[in-house]
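Below is one structure, written out as structure tokens; the observations come after it.
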Amino acid sequence: MARTSHQVADDGADAPAPDLVGYRGPTACAAAGITYRQLDYWARTGLVEPSVRPAYGSGTQRLYSFRDVVVLKIVKRLLDTGVALQNIRTAVRHLSTSEAEDVARMTLMCDGATVYECTSPDEVVRLLQGGQGVFGIAVGVVWRDVEADLAQLHGERVDTGETLIGHNPADELARRRGNRAV
């Protein structure tokens, strides 16, 4: 389900494999709806570290994978609803160790204290009937939101450093900027 076919190099070539694309901090922030300060803090404290390339001191650029950006957006939503950081760390570890197909299908439910994973509508209903669950995050929806957001932003090929821009044939100005990007 992890598709990045919306990404094309500025010359119109097919997109590289998803594991060959990384997103710099500002792009990850824009897609996840967080500030750079949050991103930096979460990386330094180990909450969400970039899986493509960590920072190796001043002047180096972290690169986040598509999945990292999805996790960043989920963390933001959990924090916004008041979930305890310890529970968010547990949810992040779980999301990081789950298969991509499973992540895209799961719903995270939270009763304000504990985060629960639901993989079917029946599990959501059972959780709600048991008096649990105040809110839920359909991870697949977040996944698609991040795909749409990143389609409008720049990525970077991990192997060549080439700038990739989101594919939007009507966006000639972005394509021209991408051609000039260093």
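Mapping the sequence shown onto this note's numbering, position 43 (from 1) lands on 46, and the numbers just tick up by one. Glycine included, C-beta positions come from ideal geometry on N, C-alpha and C.
If you look at Tyr59, you'll find it isn't in any beta strand (DSSP E); DSSP assigns it neither H nor E. Runs of alpha helix (DSSP H) with 4 or more residues, each lying fully within the segment 89-139, are found at 103-108 and 124-132, listed in chain order. Nearest in C-alpha terms to Val78, of all of Cys113, Tyr59 and Arg65, is Cys113. For the pair of segments examined, the segment 68-75 was found to touch the segment 31-48: the number of CB pairs separated by less than 8 Å reaches three.
DSSP lists no bridge partner for Val78.
In this structure the segment 101-111 lies against the segment 136-145, because at least three pairs of beta carbons, one per stretch, are closer than 8 Å. Partner residues in the beta bridge of Gly158, as assigned by DSSP, are Leu167.
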